[in-house]
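Notes to accompany the following structure.
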Amino acid sequence: MSYPYGGGGYGYPGGQQPGYPQQGGYPQQGGYPQGNVSMPTPESANAAAYGSSGGYPANPGAPGQLGFGGVSQGFNSGPGYGAPQPGFGGAPQPGGYPQPQAGGYPQQPGYGGAPPQQSFGGPPPPSQQNMYGGPGFGGAPPQQPPVSNAPGYPQPGGYGAPAAAQPGYGPPQSQPQSYSSTPSYGGNPAVSQPPGQSYGAPSQMPGQNYSNPSTPGYSQGQPSQGPSAANAYKAKEEPTLRPARNFSAENDANILRKAMKGFGTDEKAIVDVLAYRSCSQRQQIKTMFKTMFGKDLVKDLKSELGGKFEDVIVGLMMSEPEYDAYELKRAMKGLGTDEDAMIEILCSRTNQQIRDINDTYKRMYGRTLEQDIVSDTSGHFKRLMVSLANGGRMENQAVDMKKAQDDAQRLYAAGEKKLGTDESTFNALLASQSYEQLRAVFDAYQKISGKDIEQVIKSEMSGNLEIGMVAIVRVVRNRPGYFARKLYHSMKGLGTDDRTLIRIIITRAEVDMVQIKQEFQKQFGKSLDGFIRDDTSGDYRKVLLALVSQGGY
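Those letters in the sequence shown? Residues 1 to 553, per UniProt numbering, in order.
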């Protein structure tokens, strides 16, 4: 199908402990002040940026659990990734352990009697293991290594080792992305949640010496609270595009100036710089270029380049929320609507990312995103898009099996069981429930109906509403697989849907492109690189391959 261009190991059990009383964690570290970072717009490099990068979160005693959206690999150009989480029984305060009170050791608060003894690091008794990653009770947290004072890096270890052959759903996503379909971990004590992760630069490895500026992409959001946050488990996410080491915005600005000065254009030099720098680094290059030469880098690039190669380069020069806002506006501009682009963006972004898109969209275009959705769509599809653009999904919702069974019954009654379809019931559940809760609902529906929920939606819905609801189901189950399928269909057959191809590569290269490539190979028996090589040409091919081929996969 083608489209026209433009379209834990467990610690010792709880109860009365033979050791010292429970100690408080380290005091919280003061975070850095948030800074406002200017971000470009497609029209001007002078546009003010939306949102600032989050400061470093608190760094208490117990190891943290990373937020939904996956453990970023490599280097970090933005602060606040993988921040440790508050926990129980942190390291003792300086000065040694306090003496126990006379009359015996105090019982730890909040825990029952001691369960059967087990070796350190062993799995919990069966009573402590919960389905769907629910919080466990009756066990104190494990001993942990000392906590580093370095901000921003994840602490080694976690609350629990994966439970062997434990069935059930992955725990609730910690991002208020995630982009995952995950296995379940054993229950842990409730802790607070880290800030929501952008789909910008990955985490920085200790010991690297490249610059670490504030990321101009999606804002970090606020920590999430609740029992489900304790068990957040993020699917593995690996980018193919990582921040360059020994980065110098000044040197890169000089290279780009030389590439565009005089007769002709050195496209290879442009690719070698911009396709091998993170989004954060590209924003610094843009600022430095104007500082040094008094010219707008994006305007110069547009005047020197053309065609689809220009589309990629200009897209790379935008911040993440700007690019999403730009693509949404393009999808609704003029005659006709690119509903597929709207569905892809709104169905796959996190609440925080959608809030950033809304703010950026209004700043760039003087209208709210919802206003344009309402004026450009209709019927139940309009309702679905407005629901998703609201960014109100219950991302930290703990899995409730009773509720999942009840909701599955509601879906059955709203669709297969009746003549006609109650689309509003499907909309309400698919747009509001956490990914983990929806997986439980989908499985419960299969037991009730004997049919897969995707099959049911295809038989009960039609048109763009069907496409949108199926997209939600696929993202909930396997986000990399969803994008792999879209990439395949963008290049399959005669012609190429270049807009979709470019958009997915730009927005996923710094997030989970390695997993997308793996899914592409698994589903279609051919490498993504090979498909791109066969379907594109020239500098357009070179820049796309550079963006997807750097991860060594």
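C-beta: ideal position from N, C-alpha, C; glycine also. Since the model is a prediction, treat every value here as computed from it, not as a measurement.
Residue i, buried or exposed, once every other Cβ within 10 Å from all chains shown has been counted against 16
i, result
"N231", "Its pLDDT being 42, under 50, N231 is placed unreliably in this model, and the coordinates cannot settle the point."
"L419", "exposed"
"S378", "exposed"
"T360", "buried"
"Q437", "buried"
"L430", "buried"
"G481", "buried"
"D498", "buried"
"K286", "buried"
"Q523", "exposed"
"L547", "buried"
"D406", "exposed"
"L528", "buried"
"S490", "buried"
"K402", "exposed"
"A165", "Summary for A165: the model assigns pLDDT 40, below 50, so the residue's position carries little reliability; its value from the coordinates is reported in the next sentence. The residue in question, A165, is exposed, as its Cβ has fewer than 16 Cβ neighbours within 10 Å."
"N478", "buried"
"F289", "buried"
"F263", "exposed"
"L274", "buried"
Beta-carbon spacing of residue i, residue j below 8 Å
i, j, result
"T425", "A414", "yes"
"L487", "H380", "no"
"I343", "D324", "no"
"L301", "V314", "yes"
"V543", "V271", "yes"
"L384", "G468", "yes"
"S504", "F483", "Checking the sequence shown, residue 504 turns out to be Ile, not Ser. Yes, the Cβ-Cβ distance between I504 and F483 is below 8 Å."
"A471", "V441", "no"
"Y276", "A244", "yes"
"E267", "D539", "yes"
"E304", "T368", "no"
"T337", "D311", "no"
"M317", "R282", "yes"
"M364", "E395", "no"
"Y445", "V476", "no"
"Q397", "Q433", "yes"
"Q515", "K236", "yes"
"N427", "S387", "yes"
"E339", "C279", "no"
Alpha helix (DSSP H) segment containing residue i, residue limits
i, result
"R383", "G379 to A389"
"M332", "E320 to M332"
"K290", "C279 to F293"
"K517", "M513 to F524"
"G463", "G463 to R477"
"S440", "Before going further, note that residue 440 is Ala rather than Ser in the sequence given. Looking at the DSSP string, the run of the alpha helix (DSSP H) that includes A440 is Y435 to S449."
"F426", "E423 to S432"
"residue 569", "One cannot answer for residue 569 here, as it falls past the ends of the chain, which runs 1 to 553."
"G315", "G307 to L316"
"G530", "L528 to D535"
"R508", "D498 to R508"
"Y276", "No alpha helix (DSSP H) contains Y276, which DSSP labels as neither H nor E."
"A408", "M401 to A414"
"M260", "A249 to M260"
"Q550", "That residue, Q550, is in no alpha helix (DSSP H); it is neither H nor E in DSSP."
"G452", "In the sequence on display, residue 452 carries Asp and not Gly. From DSSP, D452 is part of no alpha helix (DSSP H); its letter is neither H nor E."
"T265", "T265 -> no alpha helix (DSSP H), and no H or E assigned at all."
"N358", "N351 to Y365"
"D376", "L369 to D376"
"K299", "L297 to E304"
Using 8 Å as the cut-off, can you tell me whether the region 375-395 makes contact with the region 346-356, which would need three or more C-beta pairs spanning the two stretches below that distance? yes
Given 8 Å, three or more beta-carbon pairs between the region 421-435 and the region 446-463: yes
At a cut of 8 Å, does the region 248-265 reach the region 291-299 through at least three beta carbon pairs? yes
Given 8 Å as the limit, is there contact between the region 444-456 and the region 483-500, that is, 3 or more CB pairs closer than that? no
The region 499-517 in contact with the region 233-252 per 3-pair CB rule at 8 Å: yes
Evaluate the contact criterion for the region 531-541 versus the region 367-378: three or more CB pairs, one atom per stretch, below 8 Å. no
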